[in-house]
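Trainee: One structure follows; several queries about it will come next.
Residue numbers (the numbering used here), protein chains in the order written: chain A, 1 to 169; chain B, 170 to 360.
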């Protein structure tokens, strides 16, 4: 049986929304067709962009008082809107969760997205994703023959990724 | 983020997360590449500068992911933060130097990096042909690295050396200018 620390699968999407990597980490998982994975990647990319653009913006108060303090005042000029926490960048969709699985999305500052499918009980997903990003930076990006933005076919990446995930827990 | 905080991050990563290699290996490898380019281009130093920049660019496109994965830092709030991040974290973790950020233009879109030390240029004396001293920017690969790396995080920049101790100047100085922020995927801002 699957234990509760299960990591089901990983998808990597390039900054244009193209699928560049897909892999399962449990034997016997039902697979989608290649085309469905491509559609999934493209759709997720679009939804992610939408979640970024619908992030609510709150009006800035005319004075330097707390911005949310005065609802019902006249609408300020559009330029004086701000995101709730201006210091943090707008991330878009971070995770999706159902009873049966959790989909965590990590977007790097370069626009590459890592989608990790895990058991909802799996802890420390962030640590796992950071490690995957580490391995990606090493074994994909530093492979001089890997062409940027193209599908990842790096045997060393597969190997290290598999070994690290097996060795976890 | 302040300069000191960036320095601290750089130090921390350098100490804990970086595999070190022999400095001579780096110096000799880079020196050989530049010397070979000078030979291949028949001492056309403008071409050599350009090739070095292009090589650096291709490195930068890849290196940025390693930088982000290792540092775990978020997006810089402004170009001043970016400058500190480059100088105190980027150069620190990849070359173990921390150039000084200075000479800001009044619009905050241009700054200089002053290199007190430059591991690429250890042992180097430029060719004595009367032109290399005026035309070759020996460490020009670094300009390309910055250009490539920043392009991947949505900043178009221009970088070039303005002086080099190898040429007999007092300092080694690189000038970096922000051309624009690249906003491809970003949702349009309402005006």
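Quick reminder that beta carbons are idealized off the backbone N, C-alpha and C, glycines included. Keep in mind the model is a prediction, meaning the values are calculated, not measured.
Any beta carbon from chain A within less than 8 angstroms of residue 349 (chain B)'s own beta carbon?
Mentor: By this cut-off, residue 349 (chain B) is not an interface position.
Trainee: Residue 118 (chain A) versus chain B: which residues are under 7 angstroms apart at the beta carbon?
Mentor: Result: empty, since nearest Cβ-Cβ is about 20 angstroms, beyond 7 angstroms.
Trainee: How would you label residue 253 (chain B), buried or exposed, when you count the other beta carbons within 10 angstroms and need 16 or more for buried?
Mentor: That one is buried.
Trainee: Using a Cβ-Cβ cut-off of less than 8 angstroms, list which residues of the segment 185-213 of chain B approach chain A; keep chain order.
Mentor: Result list empty, no residue passes.
Trainee: Check whether the Cβ of residue 137 (chain A) lies closer than 8 angstroms to any Cβ atom in chain B.
Mentor: Judged by the 8 angstroms Cβ criterion, residue 137 (chain A) is in contact with chain B.
Trainee: Give the residues from the segment 293-314 of chain B that approach chain A closer than 7 angstroms (Cβ to any Cβ), ordered along the chain.
Mentor: Hits within the stretch: zero.
Trainee: So residue 317 (chain B) packs on residue 210 (chain B), CB below 8 angstroms; how close in whole Å?
Mentor: Contact doesn't hold; Cβ gap of about 21 angstroms is too wide.
Trainee: Between the segment 12-45 of chain A and chain B, which residues of the former have CB atoms less than 8 angstroms from a CB of the latter, in chain order?
Mentor: The segment 12-45 of chain A vs chain B, Cβ under 8 angstroms: 15.
Trainee: Taking 6 angstroms as the limit between beta carbons, can you name the residues of its chain near residue 333 (chain B), skipping five residues before and five after?
Mentor: So the list reads 341, once near-sequence residues are dropped.
Trainee: Any beta-carbon of chain B closer than 8 angstroms to the one on residue 95 (chain A)?
Mentor: False, the Cβ-Cβ gap to chain B never drops below 8 angstroms.
Trainee: Could you say which of A:98, A:132, A:105, A:30 lies nearest to residue 120 (chain A) if we only look at CA atoms?
Mentor: Comparing Cα positions, the closest option is A:98.
Trainee: For residue 327 (chain B), which of helix, strand or coil comes out of DSSP?
Mentor: Looking at residue 327 (chain B) - three-state DSSP - the assignment turns out to be strand.
Trainee: Just the C-alpha distance for residue 164 (chain A) and residue 18 (chain A), rounded to the nearest angstrom, thanks.
Mentor: Straight-line Cα distance between these residues: approximately 26 angstroms.
Trainee: Between residue 309 (chain B) and the rest of its own chain, which residues show a CB-CB distance below 6 angstroms, the 5 nearest in sequence each way excluded?
Mentor: Same-chain partners within the cutoff: 218, 221, 222.
Trainee: What residues of chain B sit near residue 130 (chain A), judged by a beta carbon separation below 9 angstroms?
Mentor: Under the 9 angstroms cutoff, chain B gives 238, 241.
Trainee: At what residues does the beta strand (DSSP E) containing residue 343 (chain B) begin and finish?
Mentor: Taken as a continuous stretch (DSSP letters only), the beta strand (DSSP E) holding residue 343 (chain B) covers 341-350.
Trainee: With a Cβ-Cβ cutoff of 8 angstroms, do residue 149 (chain A) and residue 14 (chain A) count as a contact?
Mentor: Yes, the Cβ-Cβ distance between residue 149 (chain A) and residue 14 (chain A) is below 8 angstroms.
Trainee: Taking 8 angstroms as the threshold (beta carbon to beta carbon), is residue 255 (chain B) in contact with chain A?
Mentor: Answer no: the Cβ-Cβ gap between residue 255 (chain B) and chain A never drops below 8 angstroms.
Trainee: Starting from residue 320 (chain B), trace the beta strand (DSSP E) in both directions and tell me its first and last residue.
Mentor: Note, residue 320 (chain B): premise wrong, no beta strand (DSSP E); alpha helix (DSSP H) at 310-321.
Trainee: Where are the beta strand (DSSP E) runs, 3 residues long or more, that stay fully inside the segment 84-145 of chain A, in chain order?
Mentor: Qualifying beta strand (DSSP E) stretches, in chain order: 95-97, 102-107, 113-118.
Trainee: Residue 24 (chain A) lies in the beta strand (DSSP E); which residues open and close that run?
Mentor: Residue 24 (chain A) -> beta strand (DSSP E) spans 19-24.
Trainee: Taking all protein chains shown into account, do 16 or more other C-beta atoms lie within 10 angstroms of the C-beta of residue 268 (chain B), making it buried, or fewer, making it exposed?
Mentor: Looking at its Cβ environment, which holds 16 or more other Cβ atoms inside 10 Å, residue 268 (chain B) is buried.
Trainee: So, at 6 angstroms on beta carbons, what are the nonlocal neighbours of residue 261 (chain B) in its own chain, with the 5 sequence-adjacent residues on each side left out?
Mentor: The residues are 179, 183, 267.
Trainee: Can you tell me the Cα-Cα spacing of residue 328 (chain B) and residue 281 (chain B), whole angstroms?
Mentor: Roughly 9 angstroms separates the two Cα atoms.
Trainee: Would a C-beta distance cut-off of 8 angstroms place residue 252 (chain A) and residue 81 (chain A) closer than the cut-off?
Mentor: Examination of residue 252 (chain A) is not possible in this model, given that chain A is present from 1 through 169 alone.
Trainee: Closer than 8 angstroms by C-beta to residue 212 (chain B): which residues in its own chain qualify, once you throw out the five before and the five after it? Chain order, please.
Mentor: Cβ neighbours of residue 212 (chain B) beyond the five flanking positions: 296, 298, 300, 301.
Trainee: Look up residue 334 (chain B) in the DSSP assignment and give the residues it is bridged to.
Mentor: Answer by DSSP bridge pairing: none, since residue 334 (chain B) is not bridged.
Trainee: Compute the Euclidean distance between the alpha carbons of residue 198 (chain B) and residue 140 (chain A), then round it to the nearest angstrom.
Mentor: Straight-line Cα distance between these residues: approximately 23 angstroms.
Trainee: Can you give the Cα-Cα distance for residue 92 (chain A) and residue 224 (chain B), rounded to whole angstroms?
Mentor: Rounded to whole angstroms, residue 92 (chain A) to residue 224 (chain B) spans 34 angstroms at the Cα level.
Trainee: Can you pull the DSSP bridge partners for residue 269 (chain B)?
Mentor: Note: residue 269 (chain B) sits in a beta bridge opposite B:283.
Trainee: Can you look up residue 165 (chain A) in the DSSP assignment and give me helix, strand or coil?
Mentor: Helix, per DSSP.
Trainee: Quick one: what's residue 11 (chain A) bridged to in DSSP?
Mentor: In DSSP, residue 11 (chain A) forms a bridge with A:22, A:115.
Trainee: Buried or exposed, going by whether 16 or more other CB atoms sit within 10 Å of the CB of residue 243 (chain B)?
Mentor: Looking at its Cβ environment, which holds fewer than 16 other Cβ atoms inside 10 Å, residue 243 (chain B) is exposed.
Trainee: For a contact meaning CB atoms closer than 7 angstroms, what does residue 141 (chain A) contact in chain B?
Mentor: Simply 231, 234, 235.
Trainee: Could you check which residue in B:343, B:233, B:339, B:285 has the C-alpha nearest to that of residue 109 (chain A)?
Mentor: The residue with the shortest Cα to Cα distance from residue 109 (chain A) is B:233.
Trainee: Shorter than 8 angstroms from the beta carbon of residue 244 (chain B) to some beta carbon of chain A?
Mentor: Cβ-Cβ to chain A under 8 angstroms: yes for residue 244 (chain B).
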